[in-house]
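Chemist: Residue numbers (this note's numbering), protein chains in the order written: chain A, 1 to 333; chain B, 1 to 273; chain C, 1 to 326.
Positions of the beta carbon are idealized from the N, C-alpha and C atoms, including for glycine.
Quick one: the structure is below, questions incoming.
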Amino acid sequence: MTGDALLEVDRLTIALTQDGVAHSAVKEVSFSIGRGETLGLVGESGCGKSITALALIGLLRRPLSIGGGSIRFKGREIQSLSDAEMRRLRGNAISMIFQEPMTALNPLSPIGRQIAEMFVLHKGATWHEAERQAVAALGRVQVPAPEARAKDYPHQLSGGMRQRVMIAIALACRPDLLLADEPTTALDVTVQAEILELIRDLSAAEGTAVLMISHDLGLIANMCRSVGVMYAGRLVEQQAAEAIFTGPRHPYTQGLVASLPLLGNRARHGRKRLQEIAGVVPPVSAYPAGCRFAPRCERADAVCRDVDPEPTALPGGGHVRCHHPVTAGANAS
Amino acid sequence: MKIRVNLWLGAVLFVTVVLAGILAPWLAHTDPVMDANLMNAETPPGAEFWFGTDAQGRDIYSRVLHGARISLTVGIVTQLINTVIGVALGMSAGYWGGWWDDVVSGLTNMMLAIPSLVFALAVMAILTPGLTSLLIALGLTNWSHTCRLSRAATLSVRNQGYIRAAQVLGFSDLHIMMREVLPNIAGPIIVIGTLGMGGAVLAEASLSFLGLGIRPPYPSWGSMLSDARDQITTAPWVSIFPGLAIFITVLGLNLLGDGLRDILDPQDRARRS
Amino acid sequence: MTVPASSSPLLSVEGLSIHFEIGSGLFGKGGRTLRAVDGVDLTLARGECLGLVGESGCGKTTLASAIMGLATPTAGRILLDGEDIIGHGRMARARLAQIVFQDPYSSLNPRLTVRAMLEAPLRLHGVTGKSELDDRIAEMLRHVGLRPEHAQRFPHEFSGGQRQRLGIARAIILRPKVVVLDEPVSALDVSIRAQIINLLIELKETLALSYIMISHDLGVVEHMSDRVAVMYFGRIVETGDWERVFSAPRHPYTRGLIDAIPDPFRTRRGERITGEMPNPLAPPKGCAFHPRCPVHDERCVGAAQPELDEIEPAHAVRCFRATELA
C-alpha cells in the first residue's frame, strides 16, 4: 500500500448484529485504490461486497456497523466521522451509484432538479446557476436534448436513461472516488455496454477513481485493472484482471472461472462439462471457524478448517488468502 | 421464545367464553327463561344469585351464560358465512380479473356504501324475526372486507411461478384456486375472520338492544342491556354483567386476531424465503 | 411427396403473431396495437436445444407463453408433432409442453411438500397406484440430483439451486416432448449455475428431451444450444447453427449483442449499437432495427420490411444488407 493512495482500507471488519450476536459479515478486508484507478470487487450475493461500499461512504445502518479496521481517504481516517462530516464528503468527494435507478431517484422531482441539488448543496451555487450546470451534466452523460430532458420525471425515462441520470448526479461535483454497485445488472446487455463505456470514459476524463462491484467476473475483468474476489465476507484473492482469468490462485476463483460458460470457449475447445463448485454459500450466522471456503474446497485439510488464512503476497502483485493456493499456470482457460 | 401476550390472553378469554356457552346448561343455576320469581326482583349480587337478578327476578348469572351461546353462535356462524361469500367472490375476482372483477368490485363498493345495520334490518324485515334470519341477515352484510382482502391477496399470489406452473400442468382454475391460491392467502383471512367475529357479536348485541334481533325473553346480551335501560342507576348490576360479557368476548377476539396476525405473517415470510 | 418422419421437426411455429390492443376508447375504437410477436417462424427438431435470444421487450417471453398456452395468439399456428396445439385444452397440452421458470423462489408453492407437488400432476394425468407414484417420484428426484428423502420437505428448506432442480423435476415428470427453459440460471448464484447447466444438458441426453431455451446470457446460450434464434421487436432476425451465429453473425443486431458482452481479455470487434429498443406502439418505418443500426442505408427506411432469407444452408437472416456484410 503506497502512502499516497487515494483510498486505503486496512483490515476493515463489518459486524452484523442478529439477536444480540455480532457476526463478521465482512472480516478484515484490506485494499487500496490510487488516484484515477479502477478496482473491481467481485463475488456472489451475500459475500459482503455491497456493504463494504456502504461502509466506505458511511451509509451502514443498524444492524450493520463497522467492527474494526480503518478507512483512510486522502490520508484522513473516515470510518468514525460524524454524520454531518460524512455528508460533506458524500456526493462531493465520494459518490455512489446503485443497481436500481428507479428507486435511487426521487419519483416526484424532475431529473434536472435532482442533479442541480448537488451543485446547490456542495458548491454553494444558486438554483439558477445549478440548473444550467445540470443541463451541462446531462450532456456529458450523452442524454440527447438535455434542456428538454431536464424537465422529465424519472418514470418517463428508460432504464438506461435513468442510470445515466444517476451517473450525472454522482459525477456532478467531480468526486475523487466513485463507488458503482452493480450499476448495469438490471439493464439489457447493449445498454450495459454503453453505460460501462460511459463510466470508463468519464472517469478517465476527470481522473475519478472507481470501485466497481459486480457478480459478473467478465464485466469486472473488462472494466478494471485490478480485481478483488470476495467470498463469505473475506477478500480471498486480489490480482490484475487478466491474471484472475489466466492464473487464478484461490480455489474459489479458479472454480468460478472454470464454471463460467464464456463466449468463445465452445468454439475453441468444444463443449466441456462445466466445472462445478460443490455446496452452497453459508449464511452469515454460520460462517465456518477456519477458512470460510473450506467446506466447499477439494483441497481443504485440517489446517484449513481450523485456521483462517492470512494473505500471502503473490510474485506478480496482489495477494491470495489460502493455505494451499492453486499453482500458477494450472488453470486451463 | 417471545411470550405473545395478545395471542395467549385473547385465546384464554375466547376459550373461557366458549366453554361458558357450551357448559351453560350445567353451569347455570336456573332456567334462564322460565325461572322468574318476582319475589326476587332486582336482588343485588350475593350468595344465592351471583350476579344478582333482573326486574323479572331471573338469575342474571344463568342468563349471561346462556346468552353466551346465542352471541357466540351468531359471531361464529355469521363470520363463516361472510368468509365463504367474501373469499369466493374476492378470490375469483382476483384470479380471473376482467369483467367478473368489475362486477365484484361494483358489488363490494355498493355493500360498503350501505350501513350494515340498516341492510341487516332490511333483510330481517323480509324474513320472519328470529335467530335464523338474524344469522342470514348478518351473514349477507359484512363480507365486503373479506372480499377486498381476498382479492388483494389473490392478486399478489396470482403471478407467482407456481400458479402458472399449475396451469401448465393441466389443473383446472377451480383446483388452482382451492389448492394453490387459498392455502397461501389463508393467513390474513383467518385474522380478519377472527376480528370479524368480534364485530358480529357487537352487531348482534346492537340489533337485539334495538329490539330487532333476539327478542326477549331469550337471554341475548344485547336484549338484556335493553331491558336494563331504566334500571341503570337503581340496579346497575343488571346491565354491568351482560355488558362485561360483551366486552370480554370482543376483547378476546380482537386480541386473538392480533396475535394470529403476528404469528401468521412473519412465519409466511420465513417459509417463503 | 412424403417427408420421412424423422426429418420433420418436433415443434413448428408458423407465422405466429400475438397482438394486444392497448388503450381502446369508449367503444373499443381508437386503440393502438402492440405487436408483441409479429409473424414468427421457428422450428425445433427432436432432441435439439434451440436458444432463443433477445433483450427485454423483444417478445421471447410472450412467444414462450403462447407455446405453453398462457397467451392466445392472434394469428398463426403452433404445430407439435404435426398437430396444431393452439386450441388444445390444458390437460392435452400438459403432456406435450412444459416450462421451467426463471425464479426458483416464487415458482414453488410454499405450502406443498415436494412429494405433494410432484404427485398432483401425476394423479391428474391418470397415475394413481401408490407404488407407481412412489417410483416415478423417486426416479425423478434421482434424475435431478436429489434424494428420495427430500420428498418430505418443504421448498423453504432448500437452497436456490436445489429449488431450481425441483422446478426441473416438476417440468419433466409428465415426460413432455418440449421443455421451455425460461432463463433457467439467471436468478441463481454464479457458482451454482454450472451445476444446473450441466444437469440440463445431461437430462436432455438421458431422457431425449427437446429444449427451447430463452436467455439473455449469450455465454449460456452458446454453451447449451444446437441452434440459435435471435429476436428483435417481435420478429426473428437471425437463426442458424450455434457455431454459425456466434462465430459469423450476419445481422447487425446479433453482432452488436455479441460485441456488447464484456470481454475479459478486452478484444473488441465491430461497431457498437447505441440507443434502446423503440416504443412497441410506434414501430419505425421499414426495418425495425434501422434507427440503431450502424450500417443501414436507404433500403432499410423504405416501406418494406426485410424478409427472413436463407443466406446459406441452415442460416437465415432478416436484413437487406445480409449478403453484403461479411
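(1) Measuring only the C-alpha atoms, how far is E139 of chain C from A171 of chain C?
(2) Compile a chain-ordered list of the residues in the region 167-190 of chain B whose CB is closer than 7 Å to at least one CB of chain C.
(3) Who are the Cβ neighbours of V26 of chain A in its own chain at under 7 Å, not counting the five residues just before and after it?
(4) Identify the continuous alpha helix (DSSP H) that holds L203 of chain C and give its terminal residues.
(5) Since I believe L70 of chain C is in contact with Q160 of chain B (beta carbons under 8 Å), could you give me their beta-carbon distance rounded to a whole number of angstroms?
(6) Is A258 of chain A closer than 9 Å to Q275 of chain A when the C-beta atoms are compared?
(7) What does the alpha-carbon distance come out to for the pair T2 of chain C and L50 of chain C?
(8) Going along the chain, which residues of its own chain have a beta-carbon closer than 7 Å to the beta-carbon of R292 of chain C, five neighbours each way excluded?
(9) Taking DSSP as the reference, what is the three-state secondary structure of H88 of chain C?
(10) If I measure Cβ to Cβ from V157 of chain B and keep anything under 7 Å in the same chain, skipping five residues before and after, which residues do I get?
(11) I'd like the list of long-range same chain contacts for A302 of chain A, defined as Cβ closer than 8 Å, with 5 residues on each side in sequence excluded.
(12) Tell me which residue opens and which closes the beta strand (DSSP E) that D101 of chain B is part of.
(13) To the nearest angstrom, how far is it from the Cα of L76 of chain A to the Cα of L6 of chain A?
(14) Spell out whether any CB of chain B is found under 9 Å from the CB atom of N198 of chain C.
(15) Among A:G58, A:A104 and A:C224, which has the Cα closest to the Cα of L39 of chain A?
(16) Counting C-beta neighbours from all protein chains within 10 Å, is the total for V103 of chain B 16 or more, i.e. buried, or is it exposed?
(17) Pairing CB atoms from the region 118-133 of chain B with CB atoms from the region 204-220 of chain B, are three or more of them under 8 Å?
(18) Which residue marks the beginning of the alpha helix (DSSP H) containing K27 of chain A, and which one marks its end?
(19) Whose Cβ in chain B lies nearer than 7 Å to the Cβ of A94 of chain C?
(20) Is it true that the region 198-218 of chain C meets the region 45-65 of chain C, where meeting means three or more beta-carbon pairs spaced less than 8 Å apart?
(21) Does DSSP classify R305 of chain A as helix, strand or coil?
(22) Using the Cα positions of E197 of chain A and N222 of chain A, report the straight-line distance between them to the nearest angstrom.
(23) Output the distance between the C-alpha atoms of P63 of chain A and T17 of chain A, rounded to the nearest integer angstrom.
(24) Alpha carbon to alpha carbon, how far is T53 of chain B from H29 of chain B? Give it in angstroms, no decimals.
(25) Give me the Cβ distance between P216 of chain B and D227 of chain B, rounded to the nearest whole Å; I'm assuming they're in contact under 8 Å.
(26) Consider the Cβ of A153 of chain B: report whether some Cβ of chain E lies at a distance smaller than 9 Å.
(27) Could you tell me which chain C residues have their CB closer than 9 Å to the CB of F293 of chain A, listed as they occur along the chain?
(28) By alpha-carbon positions, which one of B:F247, B:H175, B:V84 and B:G130 ends up nearest to W143 of chain B?
(29) Under 8 Å between beta-carbons, which chain C residues line up against E242 of chain A? List them in chain order, please.
(30) Given that M223 of chain A touches chain C, what residues does it touch there, using C-beta distances under 8 Å?
(31) In terms of residue numbering, what span does the beta strand (DSSP E) encompassing S220 of chain B cover?
(32) Decide if Q152 of chain C is buried, meaning its Cβ has at least 16 other Cβ atoms within 10 Å, or exposed.
(33) Quick check: is the beta carbon of V190 of chain C nearer than 9 Å to any beta carbon in chain A?
(34) Nearest CA to the CA of T72 of chain C: which residue from C:D182, C:V317 and C:L63?
(35) Any residues in the region 44-78 of chain A with a beta carbon nearer than 7 Å to a beta carbon of chain C? Which ones, in chain order?
(36) Whose C-beta lies closer than 7 Å to the C-beta of G59 of chain C among residues of the same chain, with five residues either side of it excluded?
Modeler: Once the coordinates are examined:
(1) 14 Å
(2) Q167, V168, L169, G170, F171, E180, P183 and N184
(3) Only L12, T13, I14, G48, I51, T52 and G233 meet the Cβ criterion.
(4) V190 to L207
(5) About 14 Å separates the two Cβ atoms, so there is no contact after all.
(6) For the 9 Å CB-CB criterion, Q275 of chain A and A258 of chain A form a contact.
(7) The pLDDT assigned to T2 of chain C is 41, lower than 50, so where the model puts this residue is not dependable, and the model offers no usable value.
(8) I273, T274 and G275
(9) coil
(10) Taking C-beta separations shorter than 7 Å and ignoring five residues to either side along the sequence, the partners of V157 of chain B in its chain run I163, V181, N184 and I185, following chain order.
(11) none
(12) D101 of chain B -> not in any beta strand (DSSP E); alpha helix (DSSP H) instead, spanning G98 to A113.
(13) Note that residue 76 of chain A corresponds to Arg in the displayed sequence, not to Leu. Going from the Cα of R76 of chain A to the Cα of L6 of chain A covers about 10 Å.
(14) N198 of chain C has a beta carbon lying at 9 Å or more from every beta carbon in chain B.
(15) A:C224
(16) When all chains shown are included, V103 of chain B counts as exposed.
(17) yes
(18) First-last for K27 of chain A: V21 to I33, but that is the beta strand (DSSP E), not the alpha helix (DSSP H).
(19) V168, L169 and G170
(20) Yes: at least three Cβ pairs fall under 8 Å.
(21) helix
(22) 10 Å
(23) 5 Å
(24) 12 Å
(25) 6 Å
(26) Among the protein chains of the structure shown, namely A, B and C, there is no chain E.
(27) Going along chain C, no residue has its Cβ under 9 Å from F293 of chain A, so there is no contact; the nearest lies around 10 Å.
(28) Nearest of B:F247, B:H175, B:V84 and B:G130 to W143 of chain B, Cα basis: B:V84.
(29) Residues of chain C whose Cβ lies closer than 8 Å to the Cβ of E242 of chain A are, in chain order, P264 and F265.
(30) Chain order gives the chain C residues near M223 of chain A as P262, where near means a beta carbon separation below 8 Å.
(31) Neither: S220 of chain B is in no beta strand (DSSP E) and is coded neither H nor E.
(32) exposed
(33) yes
(34) C:L63
(35) E44 and S45
(36) A36, V37, M231 and G234
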